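Residue numbers (the working numbering), protein chains in the order written: chain A, 30 to 417; chain B, 19 to 570.
Every residue gets a Cβ at the ideal spot worked out from N, C-alpha and C, and that includes glycine.
Every value quoted in this text rests on a predicted model; they were computed, and no experiment measured them.
In what follows, a structure is listed as C-alpha cells, so that the remarks can point back to it.
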Amino acid sequence: MGEGGRSGTRQSPAEHPTPAQPKPAHASLHPGAWWLWSLALGTAATRTTNPLLLTLLITTSAYVVATRRPNTPWSRSYGAFVKLAAAVLLIRLAFAVILGSPIPGTHVLVHLPEVPLPDWAQGIRLGGKVTAEALTFALYDALRLATLLICVGAANALANPSRLLKSLPGALYELGVAVVVALTFAPNLIADVQRLRAARRLRGRPDKGIRGLLHVGLPVLEGALERSVALAAAMDARGYGRTAEVPPAVRRTTAALTLGGLLGVCAGTYGLLTAEGGTYGVPVLLAGLASALAGLWLGGRRTLRTRYRPDAWDARAWLVTASGVAVAALLTLAASRDPGALHPGVVPLVAPTLPLWPAAAVLIGLLPAFVTPAPEPVRTTTRKEPTT
Amino acid sequence: MIRFENVSVTYDGVPEPAVRDVDFEVPEGELVLLVGPSGVGKSTILGAVSGLVPHFTGGTLHGRVTVAGRDTRTHKPRELADVVGTVGQDPLSHFVTDTVEDELAYGMESLGLAPDVMRRRVEETLDLLGLADLRNRPISTLSGGQQQRVAIGSVLTPHPRVLVLDEPTSALDPAAAEEVLAVLQRLVHDLGTTVLMAEHRLERVIQYADQVALLPGPGERPWLGTPAEVMAVSPVYPPVVDLGRLADWSPLPLTVRDARRKAAALRTRLADHEPPQQHNPTPPPPTRRLFKRTKPDHATTAAPVAEVRSLAVRRDRVQALRDVDLTVTPGETLALMGRNGAGKSTLLSALVGLVTPASGSVRTGDAIPHRTRPRDLVRRVGLVPQEPRDLLYADTVAAECAAADRDAEAPPGTCRALLTELLPSVADDTHPRDLSEGQRLTLALAVVLTARPPLLLLDEPTRGLDYAAKARLVRILRGLASEGHAIVMATHDVELAAELAHRVVLLAEGEVIADGPSAEVVVASPSFAPQVAKILAPQHWLTVSQVREALR
Numbered sequence: 030m031g032e033g034g035r036s037g038t039r040q041s042p043a044e045h046p047t048p049a050q051p052k053p054a055h056a057s058l059h060p061g062a063w064w065l066w067s068l069a070l071g072t073a074a075t076r077t078t079n080p081l082l083l084t085l086l087i088t089t090s091a092y093v094v095a096t097r098r099p100n101t102p103w104s105r106s107y108g109a110f111v112k113l114a115a116a117v118l119l120i121r122l123a124f125a126v127i128l129g130s131p132i133p134g135t136h137v138l139v140h141l142p143e144v145p146l147p148d149w150a151q152g153i154r155l156g157g158k159v160t161a162e163a164l165t166f167a168l169y170d171a172l173r174l175a176t177l178l179i180c181v182g183a184a185n186a187l188a189n190p191s192r193l194l195k196s197l198p199g200a201l202y203e204l205g206v207a208v209v210v211a212l213t214f215a216p217n218l219i220a221d222v223q224r225l226r227a228a229r230r231l232r233g234r235p236d237k238g239i240r241g242l243l244h245v246g247l248p249v250l251e252g253a254l255e256r257s258v259a260l261a262a263a264m265d266a267r268g269y270g271r272t273a274e275v276p277p278a279v280r281r282t283t284a285a286l287t288l289g290g291l292l293g294v295c296a297g298t299y300g301l302l303t304a305e306g307g308t309y310g311v312p313v314l315l316a317g318l319a320s321a322l323a324g325l326w327l328g329g330r331r332t333l334r335t336r337y338r339p340d341a342w343d344a345r346a347w348l349v350t351a352s353g354v355a356v357a358a359l360l361t362l363a364a365s366r367d368p369g370a371l372h373p374g375v376v377p378l379v380a381p382t383l384p385l386w387p388a389a390a391v392l393i394g395l396l397p398a399f400v401t402p403a404p405e406p407v408r409t410t411t412r413k414e415p416t417t
Numbered sequence: 019m020i021r022f023e024n025v026s027v028t029y030d031g032v033p034e035p036a037v038r039d040v041d042f043e044v045p046e047g048e049l050v051l052l053v054g055p056s057g058v059g060k061s062t063i064l065g066a067v068s069g070l071v072p073h074f075t076g077g078t079l080h081g082r083v084t085v086a087g088r089d090t091r092t093h094k095p096r097e098l099a100d101v102v103g104t105v106g107q108d109p110l111s112h113f114v115t116d117t118v119e120d121e122l123a124y125g126m127e128s129l130g131l132a133p134d135v136m137r138r139r140v141e142e143t144l145d146l147l148g149l150a151d152l153r154n155r156p157i158s159t160l161s162g163g164q165q166q167r168v169a170i171g172s173v174l175t176p177h178p179r180v181l182v183l184d185e186p187t188s189a190l191d192p193a194a195a196e197e198v199l200a201v202l203q204r205l206v207h208d209l210g211t212t213v214l215m216a217e218h219r220l221e222r223v224i225q226y227a228d229q230v231a232l233l234p235g236p237g238e239r240p241w242l243g244t245p246a247e248v249m250a251v252s253p254v255y256p257p258v259v260d261l262g263r264l265a266d267w268s269p270l271p272l273t274v275r276d277a278r279r280k281a282a283a284l285r286t287r288l289a290d291h292e293p294p295q296q297h298n299p300t301p302p303p304p305t306r307r308l309f310k311r312t313k314p315d316h317a318t319t320a321a322p323v324a325e326v327r328s329l330a331v332r333r334d335r336v337q338a339l340r341d342v343d344l345t346v347t348p349g350e351t352l353a354l355m356g357r358n359g360a361g362k363s364t365l366l367s368a369l370v371g372l373v374t375p376a377s378g379s380v381r382t383g384d385a386i387p388h389r390t391r392p393r394d395l396v397r398r399v400g401l402v403p404q405e406p407r408d409l410l411y412a413d414t415v416a417a418e419c420a421a422a423d424r425d426a427e428a429p430p431g432t433c434r435a436l437l438t439e440l441l442p443s444v445a446d447d448t449h450p451r452d453l454s455e456g457q458r459l460t461l462a463l464a465v466v467l468t469a470r471p472p473l474l475l476l477d478e479p480t481r482g483l484d485y486a487a488k489a490r491l492v493r494i495l496r497g498l499a500s501e502g503h504a505i506v507m508a509t510h511d512v513e514l515a516a517e518l519a520h521r522v523v524l525l526a527e528g529e530v531i532a533d534g535p536s537a538e539v540v541v542a543s544p545s546f547a548p549q550v551a552k553i554l555a556p557q558h559w560l561t562v563s564q565v566r567e568a569l570r
C-alpha cells in the first residue's frame with residue numbers, strides 16, 4: 030500500500046505531484062444559495078402561463094443543472110423530478126379530456142361518448158366534447174406546475190439537502206439530524222425491498238406484482254428497524270446528544286421564553302384573525318416571535334456542538350441568489366405591467382408570443398452557470414481501490 | 019486501560035448470563051484479540067467497553083468495567099465517546115452523514131472541538147488511512163474496504179485512547195483486510211492506541227496481536243495470554259497453528275514467516291509425497307484460447323450445468339462485468355475470487371437471472387435464467403445470498419421448511435429431512451432469527467436444496483462463521499459435490515477455496531483474469547494463497563488435511 034501503489038492507478042501519470050490539492054467540493058457554493066435561486070425561478074414560473082416563457086425557464090434551470098451538478102447519487106434525482114413533472118402534465122391533460130373543463134370553446138377536436146350521471150352528481154361530466162381551448166388551458170396550467178417541480182428538482186440536484194440542514198441554528202440541530210437520517214432511510218428501504226424481492230425469486234416465487242411487494246413488507250420493516258437501532262447505538266457511541274452543563278436559571282429562562290413565545294404567537298395570530306383583536310394582534314405576535322427566538326438562542330447554549338467547515342456565504346452566493354431573485358421580481362413586475370403577454374388567452378385561441386424583455390429577464394437566471402465553480406470531473410472508474 | 023472486574027452480563031428474558039466472570043485488564047497501547055467460537059459473548063464484551071452494554075442493549079451487568087478510569091456504570095456511551103471509539107460489524111449502519119469528510123468530522127463535532135483542530139485532524143486522518151483521494155466521495159459509492167477504513171477513521175478523529183472493533187475484516191477481500199490491519203498496527207505503534215478486537219479469521223489477525231483473550235465456551239471464564247500460549251490450547255486456531263500442532267513445532271509459530279523457518283524438516287518429509295490432485299470430473303476448459311472464435315470441442319465434456327459466453331453486465335452506469343466466459347460442469351466446485359466490487363456477486367446474480375445481460379449469453383442447463391419463470395428456475399439453479407436471512411420469511415423452522423416444499427413442489431417433508439441430515443440439532447419451533455449464523459446458513463442451504471438444483475451458488479458463505487461451523491459447511495458441500503451438484507461460490511476466504519474448490523476463477527474489474535485448477539491459480543497469487551501453501555512452497559500443498567493425509 031502507500032503512495033507507490035496509489036500513484037499507479039492515477040489517471041495522468043505525466044502530471045507530477047501538484048503541491049496544491051484539487052479544490053474540494055467545499056469551494057462550491059453555499060447550498061442555501063442554490064435553493065434560493067431555484068425557488069426564485071419557481072416563483073417566477075407561478076407568475077406566468079406563457080408556454081414559451083415557461084419552456085425558457087425550464088431550459089435555463091436545466092442548463093445550469095447540466096453544467097454545474099456534482100457527480101453524486103443525490104444529484105441523479107433530477108431525472109426523477111423531470112419524470113414527475115411529465116407525469117403531472119399527462120395527468121392534467123387526461124383529466125381535461127375525461128372530465129371536461131369549464132372553459133367555453135368552439136374548436137371541438139373530438140366527441141367522446143358522454144356517460145350519463147345521476148342527479149346527485151350534477152356538475153360532474155364524464156366524456157363529452159373535447160375542445161382545443163380546454164386542452165390548451167390545461168396544458169398551460171400543467172406546464173406551470175411542471176416548471177415549479179423541475180425547479181425544485183434543480184435545487185435537489187445542485188445542493189445536497191443534508192448540507193443545507195447543517196446550516197440550521199444549534200438548538201434545532203437535533204431536528205436537522207432527524208431529517209437527515211430520514212432522508213438516508215428512504216434509499217436504504219428501497220434497496221432492501223429490491224434485495225428481498227430478488228430473494229423471493231430465489232425461492233421460486235414470482236418477484237413481480239403487488240403480492241410480492243406485500244410479502245416482503247414485514248422483513249423490510251424488520252430490517253429497517255434493526256438498522257435504525259444499530260445507527261442509534263453508533264450515534265450514541267460517537268457522542269451524539271452530549272450536552273453542556275447549563276445553570277438551572279438559564280434552563281428555566283429558556284423554557285419560559287420558548288413557551289411564552291409560542292403562546293404569544295398563538296394569541297397574536299388569534300388577534301389578527303378575529304375582528305375585535307385588531308389592536309393587540311400585531312404587537313403580541315411580534316413579541317411572541319422575539320421571545321421564541323430568544324429561547325432558541327439560549328437553548329443553543331446547551332449544545333456543545335461545533336461545526337466543521339461551515340459553508341461560507343460569499344460573493345458568488347450573493348450573485349446566484351440575486352440572479353434568481355431578479356428573475357422572480359422582473360416577471361412579477363411584467364405580470365402586473367403586461368398581463369396579456371404573460372397570460373396568453375385561450376378564448377379566443379391565439380398563438381402565444383414571446384414577450385421580449387421578460388424573456389431577457391429569464392435569461393438572467395443563467396448567471397450561476399458562469400460564476401460558480403465547475404464540479405469535479407467524473408472519474409472514469411467509480412471503484413478505485415488502491416492496489417497493494 | 020480497560021479493566022474488567024468480575025463482570026457478568028445477563029440479558030433480559032434469558033436465564034443464563036451471556037458472559038460470566040470476565041476478569042482481565044487490557045494494558046495501554048496493546049492490541050488485544052478476543053477469540054472464541056460463535057456465540058460465546060465476544061460482542062457482549064466489546065459492547066461493555068463502550069458502555070452500549072447495558073446502557074443501550076438492556077440487561078444486567080454485574081461487576082465493574084472501567085475505561086481510562088471511567089466507570090461505565092456512571093458514564094453513558096456518549097460520555098465515553100472521547101475515550102472509546104467503536105466500529106461494529108457492519109460499517110454501513112455506522113455512518114451518520116453522507117460524504118467521507120463529513121463523516122470523519124462528525125464525532126468531533128459532537129464533542130465540540132474547535133474548528134481548526136477538527137480541520138487538522140481530518141487532514142491527518144485522511145492521510146493516515148489513505149483516504150485523501152476519496153474525501154469528497156459519497157460514502158455509498160465506496161467499496162467495502164474503503165467503507166471499513168472510513169468507519170475506522172471516523173472514530174479515530176476524536177483521538178480516542180481505546181479502539182473497539184467487531185470483526186473489522188470479515189467482509190473484506192484479503193488485500194483490503196491487510197490494508198485495514200496495517201492501519202491498526204500503525205495506530206498501536208505510532209499513537210499508542212489500545213485496541214480490543216474480535217475476529218473470526220485468525221489467519222489474518224493473529225500475527226498483529228500482543229495478547230489474546232480466549233473465551234473457550236459459552237459461560238466459561240475468559241483468560242488472557244500471549245498469542246502462542248493461547249493458541250496452544252484454543253479450540254479455534256488458524257491453519258498455521260494447525261500445521262504447527264501437527265508437526266509438533268515448539269514454540270508454536272503464528273506467522274507464515276516463523277513457520278517457514280521451522281518447516282524445512284517437514285518439507286523434506288513431504289518431498290516424496292505427491293499432493294493429491296483435487297479431482298475434477300472433467301478437465302476445465304483452457305484458460306486462454308488462442309483464437310476466441312474456435313469452437314471448444316464438447317465431444318469429451320459432459321453437458322455443462324452453466325455456460326456463460328462473452329457476458330457483459332452494466333449496473334448503475336458501471337460496467338460490472340465484461341466479456342466473461344465460464345463453463346461449469348456437473349460435480350465441479352468452483353471458487354470465484356477477487357476484490358470487493360470485482361463483479362463476483364453480479365456474476366452469480368446473472369446465473370440466477372437477477373440481472374439482465376447487456377450482451378452475451380447465460381444458460382443454466384437448458385434455460386436462459388432471466389427469461390425463465392422463478393418456479394421453473396429453482397429446479398435448475400439455487401443461490402444462497404450473502405445474507406441468508408433474506409431467503410427466510412417464516413416464523414418457525416417448520417413453517418419455513420413447509421413453504422420450501424410448496425415452492426419447489428417437492429413432497430412434504432423433503433426440506434425438513436434435508437435439514438435434519440445437515441443440522442440434526444435444530445428444533446421445529448425455533449425462530450429463524452434465533453439461529454446462529456452457521457445454523458441460519460444451513461437452513462437457507464436446505465431450503466435452496468429442496469428443489470434439487472444441479473447448480474448451487476453461494477455468495478460469501480463463510481462470513482461470520484467460526485472454524486467449527488466452517489468445517490461443517492465444508493463437509494456438507496463436499497458431500498453435495500460428490501453427489502454430482504456443481505457448486506460455484508464467491509468468497510474472500512482463501513482457506514475455504516483451498517479446501518473445497520477444484521477450480522478457481524479470479525475476477526478483476528469485471529473481467530476474468532485467471533481460470534484454472536485451484537492449486538495453480540491460488541499458489542501463484544500472494545494475496546490469495548492459503549497459509550499452508552505459503553509455508554510449504556514450492557511444494558503445492560494447500561490445506562492441513564492434505565498434509566495430515568500424506569503423513570499418515
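| Counting contacts by CB-CB distance shorter than 8 Å, is A/LYS52 in contact with chain B? | For A/LYS52, the predicted model reports a pLDDT of 43, less than 50, meaning its position is unreliable and no value from the coordinates is stated.
| What does B/PHE74 reach in chain A if we use C-beta pairs closer than 7 Å? | Residues of chain A passing the Cβ test: ALA262 and ASP265.
| field | Cβ-based burial, A/LEU386 [other Cβ within 10 Å; buried from 16] | value | First, the residue type needs correcting, since residue 386 of chain A is Trp and not Leu in the sequence shown. Within a 10 Å sphere around the beta-carbon of A/TRP386 sit fewer than 16 other beta-carbons, which makes this residue exposed.
| Contact residues within the stretch 201-232 of chain A, judged by C-beta distance below 7 Å to chain B | Using a CB distance below 7 Å, the part of the stretch 201-232 of chain A facing chain B consists of THR213, ARG224, LEU225, ALA227, ALA228, ARG230, LEU231 and ARG232, ordered along the chain.
| query | What in chain A is Cβ-close to B/SER128, meaning under 7 Å? | reply | Residues of chain A with a Cβ closer than 7 Å to the Cβ of B/SER128 are, in chain order, ARG267, GLY268, TYR269, ARG271 and ARG334.
| Are the C-beta of A/THR101 and some C-beta of chain B separated by less than 8 Å? | Contacts with chain B at 8 Å (Cβ-Cβ) include A/THR101.
| said: DSSP three-state label for A/LYS158, please. | reply: A/LYS158 falls in the strand class under three-state DSSP.
| task | Would you give the residue range spanned by the beta strand (DSSP E) that B/ARG333 belongs to? | result | First-last of the beta strand (DSSP E) with B/ARG333: 324-333.
| task | Give a yes or no on contact between the stretch 319-326 of chain A and the stretch 287-301 of chain A, applying the rule of three or more CB pairs nearer than 8 Å. | result | A contact exists between the stretch 319-326 of chain A and the stretch 287-301 of chain A.
| field | Alpha carbon of A/ASN217 to alpha carbon of B/LEU183, nearest angstrom | value | For A/ASN217 and B/LEU183, the distance between alpha carbons rounds to 24 Å.
| said: Determine, for B/VAL223, whether the minimum Cβ-Cβ distance to residues of chain A falls below 8 Å. | reply: So, not an interface residue.
| query | Just the Cα atoms here: how many angstroms apart are B/ARG278 and B/ILE553? | reply | Near 5 Å, if we compare the C-alpha coordinates of B/ILE553 and B/ARG278.
| said: Counting only beta-carbon separations shorter than 8 Å, does B/VAL83 have a partner in chain A? | reply: Taking Cβ atoms only, chain A never reaches closer than 8 Å to B/VAL83, which makes this a no.
| Beta-carbon separation (whole angstroms), B/TYR255 vs B/LEU220, contact threshold 8 Å | Taking 8 Å as the upper bound for CB-CB distance, B/TYR255 and B/LEU220 are in contact here, some 7 Å apart.
| message | So, with DSSP's three-state summary, where would you put B/ALA150? | response | Correct three-state label for B/ALA150: helix.
| message | Helix, strand or coil, according to DSSP, for B/GLY534 in the structure here? | response | DSSP places B/GLY534 within a strand segment (E or B) once states are collapsed to three.
| CA-to-CA distance, B/SER26 to B/GLU34, given in whole angstroms | Answer to the nearest angstrom: the Cα atoms are 10 Å apart.
| Going along chain B in order, which residues have a C-beta closer than 8 Å to the C-beta of A/HIS244? | Here the neighbours are TYR411.
| request: Have a look at A/VAL294 and A/GLY328 and give me their C-alpha separation to the nearest angstrom. | output: Using only the alpha carbons, I get a separation of about 18 Å.
| Got a sec: is the Cβ-Cβ distance from A/GLU405 to anything in chain B below 8 Å? | Yes, A/GLU405 counts as interfacial toward chain B.
| Using the beta-carbon of each residue, which ones in chain B are nearer than 8 Å to A/SER191? | Per Cβ cutoff of 8 Å: THR115 and ASP116.
| field | Cross-chain neighbours of B/SER68 in chain A, by beta carbon under 7 Å | value | Correct list: ALA266.
| said: Under DSSP, the beta strand (DSSP E) around B/VAL258 begins and ends at which residues? | reply: Note, B/VAL258: premise wrong, no beta strand (DSSP E); alpha helix (DSSP H) at 257-264.
| request: Please decide whether B/GLY77 counts as near chain A, where near means a Cβ-Cβ distance under 8 Å. | output: Among the residues facing chain A, B/GLY77 is not included, as its CB has no counterpart in that chain under 8 Å away.
| request: Starting from B/GLU247, trace the beta strand (DSSP E) both ways and give me its first and last residue. | output: Bounds of any beta strand (DSSP E) do not take in B/GLU247; it lies within the alpha helix (DSSP H) bounded by 245-251.
| request: Give the straight-line distance between the Cα atoms of B/CYS433 and B/GLU141, rounded to the nearest whole angstrom. | output: Computed Cα separation, rounded: 55 Å.
| said: Measuring CB atoms only, is the stretch 106-117 of chain B touching the stretch 206-214 of chain A, in the sense that at least three cross pairs come out at less than 8 Å? | reply: As far as the Cβ criterion goes, the stretch 106-117 of chain B touches the stretch 206-214 of chain A, which means the pair count is three or higher.
| field | Cross-chain neighbours of B/LEU365 in chain A, by beta carbon under 9 Å | value | The premise fails here: B/LEU365 is roughly 15 Å from chain A at the closest Cβ pair, so nothing lies under 9 Å.
| said: Would B/ASP120 and A/ALA259 be called neighbours here (beta carbons separated by less than 8 Å)? | reply: In this structure, B/ASP120 sits away from A/ALA259, with a CB-CB distance that is not shorter than 8 Å.
| Proximal chain A residues relative to B/TYR124, where beta-carbon distance stays under 7 Å | Result: ARG267.
| query | With distances taken between CB atoms, is the gap from A/TRP64 to A/ALA188 smaller than 8 Å? | reply | Yes, they are a contact pair.
| request: Could you check what DSSP says for B/GLU119 in three-state terms: helix, strand or coil? | output: The answer is helix: DSSP assigns B/GLU119 an H, G or I state.
| request: Throw me the rounded Cβ distance for the B/VAL180 and B/VAL37 pair, which I believe falls under 8 Å. | output: Incorrect: roughly 19 Å between the Cβ atoms, too far for contact.
| Residue range of the beta strand (DSSP E) that includes B/ASP184 | Taken as a continuous stretch (DSSP letters only), the beta strand (DSSP E) holding B/ASP184 covers 180-184.
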